[in-house]
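Each remark here refers to the structure printed beneath this line.
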Amino acid sequence: MNIENSKIEEVAALGEYIHHFNVHYNILLRRYQRFVEIDEPLNNDIDISTYFDMIIVQLRAMCIESPKLKNNYTAQILLRKIGEHELADRIDTMLDQPFIAGSDMTVRKAIKILADGFICHYDNFDGPAAEIWGMALVIEKRLRNPYDKINLKYIMEVLMECIGEGLTLE
Numbered sequence: 002m003n004i005e006n007s008k009i010e011e012v013a014a015l016g017e018y019i020h021h022f023n024v025h026y027n028i029l030l031r032r033y034q035r036f037v038e039i040d041e042p043l044n045n046d047i048d049i050s051t052y053f054d055m056i057i058v059q060l061r062a063m064c065i066e067s068p069k070l071k072n073n074y075t076a077q078i079l080l081r082k083i084g085e086h087e088l089a090d091r092i093d094t095m096l097d098q099p100f101i102a103g104s105d106m107t108v109r110k111a112i113k114i115l116a117d118g119f120i121c122h123y124d125n126f127d128g129p130a131a132e133i134w135g136m137a138l139v140i141e142k143r144l145r146n147p148y149d150k151i152n153l154k155y156i157m158e159v160l161m162e163c164i165g166e167g168l169t170l171e
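Heads up, the sequence shown is in my numbering, so the first residue is 2 and it goes up one at a time.
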């Protein structure tokens, strides 16, 4: 295989990754739009919980993966592959912001705790880890609180500013 064929295959593979990412990203945007339409801070309706959970899972999958896993189609990996390093760094900076002042809880860690420990599978939080249950409730309340600066609206705004309507190979 010559270099030209290799480059074509690389671009085609990247195009496929971008296509799959955009499918999931568009679903995230639609779910977030519906969530905003129905969410009220004191409303615990199952529809709100369902949309909230799906948004958290999608944010986890689309933005929070190990940097070692270069083949995952996270927003940051794809943005860097298409030369948009500043946008990828902006997403990482947002994820690394403190979520709870005075603690080591970042936005990234908060999303991972909810997605990995309470939505995608159920960790055993007995004994010393029992406080994580309370932390999950705090995380959800803060993400849904329109008065908190670092909330779901803020996270989605940063993501939408960096990705727009989707990624392209231009």
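For every residue, glycine included, the Cβ atom is placed at its ideal position computed from N, Cα and C.
Residue nearest to residue i in terms of C-alpha spacing, selected from the options
i, options, result
"Ile56", "Glu66, Val37, Pro42", "Val37"
"Cys163", "Val12, Phe100, Thr75, Arg31", "Thr75"
"Asn44", "Lys142, Phe100, Thr107", "Lys142"
"Glu172", "Leu79, Arg32, Ile49", "Outside the shown range of the chain, which is 2 to 171, sits residue 172, and nothing can be said about it."
"Ile151", "Asp90, Ala102, Leu170", "Ala102"
Delimiting residues of the alpha helix (DSSP H) encompassing residue i
i, result
"Glu41", "First-last for Glu41: undefined, no H or E at that position."
"Glu66", "No alpha helix (DSSP H) holds Glu66; DSSP gives it neither H nor E."
"Leu96", "86-96"
Cβ-Cβ separation, residue j to residue i (assumed contact under 8 angstroms), whole Å
i, j, result
"Leu168", "Ile19", "5 angstroms"
"Gln59", "Leu29", "5 angstroms"
"Ile39", "Ile47", "Ile39 to Ile47, Cβ: 11 angstroms. No contact."
"Asp97", "Gln77", "Rounded, the Cβ-Cβ distance is 12 angstroms, inconsistent with contact."
"Ala116", "Arg61", "4 angstroms"
Exposure label - residue i; buried when at least 16 CB within 10 Å
i, result
"Tyr26", "buried"
"Gln1", "For the chain, the structure presents residues 2 to 171; residue 1 sits outside this window and is missing."
"Val12", "exposed"
"Val159", "buried"
"Tyr148", "exposed"
For the region 110-118 and the region 136-143, state whether three or more C-beta atom pairs, one from each stretch, are separated by less than 8 angstroms. yes
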